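What follows is a short report on a single structure.
Numbering (my numbering), first residue to last: 770 to 944.
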């Protein structure tokens, strides 16, 4: 029984491995990504917006504006709702999907259809393995894990965040 448990944990860990790990949007080469992935689905909390202060990650916003200038399309997608998300979407002149129920969001298909894209055209950028990365993997998107902007999170995420941090460190050693 213990062997089966560890087998399942190992399988989950391999499924959740992102294609790329970054600490900053500046690590993402715009020219290469726009040509390869014309559609970016980007998480809000702790990726673009600091979870605790609800201030904006200016570097991420600059990156997305330049990504759009080069012809890419940005769609914001979050499992939460906050007025700053709408403000951010208006600033970026992009779509916003709140309370999206990632990783099993029905919005993924809707977004692909609206933008006339296939899974190979999409990259997902987010800070959680069990929502952003798993959602991307389930839909065969290219996945980019952005290390959380802040380590502080809602209570129930504490255990998950500790496991994620350990797994991310292990992924980085083997990338």
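From the three backbone atoms N, C-alpha and C, an ideal C-beta is built for every residue, glycine too.
Values in this document were obtained by computation on a predicted structure and should not be read as measured data.
Need the endpoints of the beta strand (DSSP E) that residue 864 sits in, please.
864 to 866
Looking at residue 866: is its Cβ nearer than 8 Å to the Cβ of residue 790?
no
Consult DSSP for residue 817 and reduce its assignment to one of helix, strand or coil.
coil
Which residues mark the beginning and the end of the alpha helix (DSSP H) in which residue 856 is found?
852 to 861
In this structure, how does DSSP classify residue 789 when only helix, strand and coil are distinguished?
strand
Taking the straight line between their C-alpha atoms, what separation do you get for residue 876 and residue 883?
10 Å
Just verifying my parser: in three-state terms, what is the DSSP assignment at residue 809?
strand
Whether residue 834 touches residue 845 by CB criterion (8 Å)
no
DSSP-derived helix/strand/coil call for residue 928
helix
Output the distance between the C-alpha atoms of residue 802 and residue 770, rounded to the nearest integer angstrom.
44 Å
Boundaries (first-last residue) of the alpha helix (DSSP H) holding residue 770
Note, residue 770: premise wrong, no alpha helix (DSSP H); not H, not E.
Assign residue 887 to one of three DSSP states: helix, strand, or coil.
coil
Whole-angstrom distance between residue 811 and residue 780, CA atom to CA atom:
26 Å
From which residue to which residue does the beta strand (DSSP E) around residue 845 run?
842 to 846
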